[in-house]
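A.B. asks: Residue numbers (this note's numbering): 972 to 1162.
Using N, Cα and C, we set each Cβ at its ideal position, and we do this for glycine too.
#1: In angstroms with no decimal places, state the Cα-to-Cα distance between residue 983 and residue 1004.
#2: By the DSSP assignment, the alpha helix (DSSP H) with residue 1055 in it spans what residues?
#3: As a quick exercise: from 1055, 1043, 975 and 1036, pick the residue whose alpha carbon is nearest that of residue 1199.
#4: Return the CA-CA distance between residue 1007 and residue 997, expressed in angstroms with no decimal places.
#5: Rounded to whole angstroms, what is the Cα-Cα separation between residue 1197 and residue 1039?
#6: Distance check for residue 991 and residue 976, CA to CA, integer angstroms please.
#7: On a Cα-Cα basis, can you pick out the residue from 1142, 1109 and 1096 that is closest to residue 1157?
#8: Are residue 1047 and residue 1130 closer than 8 Å when you measure CB to CB?
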């Protein structure tokens, strides 16, 4: 494994780690730490232990690196570990609000208050949208986060959530519809 560096393919780095060159695992941590941290904040918004949970994700990845199949995509495998870690954390706590979307991420068209012709300001939109998203099941919230914020493909989301690709599309569509209906119920309409 000569020539492993931060530009190397993930799978080449993993192969080097599997062959005993464990110092290269740090390259994977450096590459994915911010993305996994962002993913954690979308799931667990106000938890005090988010950084600890992200560290747990990387510890689990390192501990289980020998079981990684080099024919698969490392990022999907890592997100799957993160998914399981965060789901387990959610099961251990009371419901907490999840604040994570900008309105134009899910709905590219302006939002107008039904009772007024004027557009409401962006801060109000975000607060209203966050409030509506808190009420959506994690089943719909997670694929929305992975698709719109993490910009993963349906196939990658399918691998992470271990559901069929067609189900990913259905959950994204239904999640958006649930958000739209909740917002409409609060007096906001997407035009």
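C.D. replies: This is what the structure holds:
#1: As a first step, residue 983 is located in the chain shown; it is residue number 12 there, counting from the start. As a first step, residue 1004 is located in the chain shown; it is residue number 33 there, counting from the start. Whole-angstrom Cα-Cα distance: 18 Å.
#2: Taking the chain shown and counting its residues from 1, the one referred to as residue 1055 is at position 84. Element bounds for residue 1055: 1045-1062.
#3: Only positions 972 to 1162 of the chain appear in the structure, and residue 1199 is not among them; the question remains open.
#4: As a first step, residue 1007 must be located in the chain shown, where it is residue number 36. As a first step, residue 997 must be located in the chain shown, where it is residue number 26. Roughly 14 Å separates the two Cα atoms.
#5: Missing from the structure shown is residue 1197; the chain here goes from 972 to 1162 and no further.
#6: Counting from 1 along the chain shown, the entry for residue 976 is found at position 5. Counting from 1 along the chain shown, the entry for residue 991 is found at position 20. Each residue's Cα considered, the two are about 16 Å apart.
#7: Here the question's residue 1157 lines up with position 186 in the chain shown. Closest option to residue 1157, Cα to Cα, is 1096.
#8: By 1-based counting over the chain shown, the position of residue 1047 is 76. By 1-based counting over the chain shown, the position of residue 1130 is 159. Yes.
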